[in-house]
Amino acid sequence: MNPSGRKLLKQLVWLTIYIIFALSYVAGVVIFALQHHNYWACGGFAVVPFLIALRAALMLIPQYRLYQMFPPMSSSRKIYQSIFFGGCLIGIALGLWLMARGIQEHQSWTGSSYFCSMTGMWMAAKWSFYVTLPIYHLREDTLEEEALIKLGLLGAGAENITSEPVMYQGN
């Protein structure tokens, strides 16, 4: 199998996994909302399918296009990373607060307990972190050869690639 076919197959497998995950979280939202009336858990799990969709989109967008949208040291990259890292920290903090509430009220682990709400918030925090990884790993020294050529960063050969960030001088 050629490299482009292997890459396409890998993307198809990951896309299938992301769809299954998203459907699982949607089912969790419905169950926690309708059966258990646990709206904290429902809120945490409701955010996750959107984050999974963003993660899948970031996987499908070509590297050179992501590099153009989020070049190193750009304000768009800083804002993107700050928003989703902030979301991650908020999810962790809410999860800890909900865990403390569950302990204070001596709850058992049921569908309507604060512990399930804690899990929902931590899943939102986890996926909020996962959507930052493709942009974090988007550096000149990690780009594929095709992306380097399209961006004009590959001159005489791969020996020109350094670990120093390169500012994209686009529009």
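In our numbering, each number is its position in the sequence shown, counted from 1, plus 4.
Where is the CB? At the ideal position from N, CA and C, for every residue including glycine.
{"Asked": "Is the segment 91-107 in contact with the segment 126-141, if contact means three or more CB pairs nearer than 8 angstroms?", "Found": "yes"}
{"Asked": "Do you know whose CA, among 147, 116, 63, 106, lies nearest residue 43's CA?", "Found": "116"}
{"Asked": "Assuming residue 54 contacts residue 36 under a Cβ cut-off of 8 angstroms, what Cβ separation, rounded to an integer in Å, is found between them?", "Found": "The Cβ separation is near 17 angstroms, so there is no contact."}
{"Asked": "In angstroms, rounded to a whole number, what distance separates the CA positions of residue 85 and residue 32?", "Found": "27 angstroms"}
{"Asked": "If the criterion is Cβ atoms closer than 8 angstroms, does the pair residue 99 and residue 77 meet it?", "Found": "no"}
{"Asked": "So, for residue 46: in the same chain, excluding its five sequence neighbours on each side, which residues have a beta-carbon less than 6 angstroms away from its beta-carbon?", "Found": "33, 36, 37"}
{"Asked": "Give the straight-line distance between the Cα atoms of residue 136 and residue 114, rounded to the nearest whole angstrom.", "Found": "32 angstroms"}
{"Asked": "Taking the alpha-carbon positions, what's the residue 15 to residue 83 distance?", "Found": "27 angstroms"}
{"Asked": "Using a threshold of 8 angstroms, state whether the C-beta atoms of residue 19 and residue 61 are closer than that.", "Found": "no"}
{"Asked": "Whole angstroms is fine: what's the gap from residue 40's alpha carbon to residue 96's?", "Found": "22 angstroms"}
{"Asked": "My output table needs one value for residue 175: the three-state DSSP class, helix, strand or coil.", "Found": "With a pLDDT of 49 at residue 175, under the threshold of 50, the modelled position of this residue cannot be trusted; read the value that follows with caution. Three-state result, residue 175: coil."}
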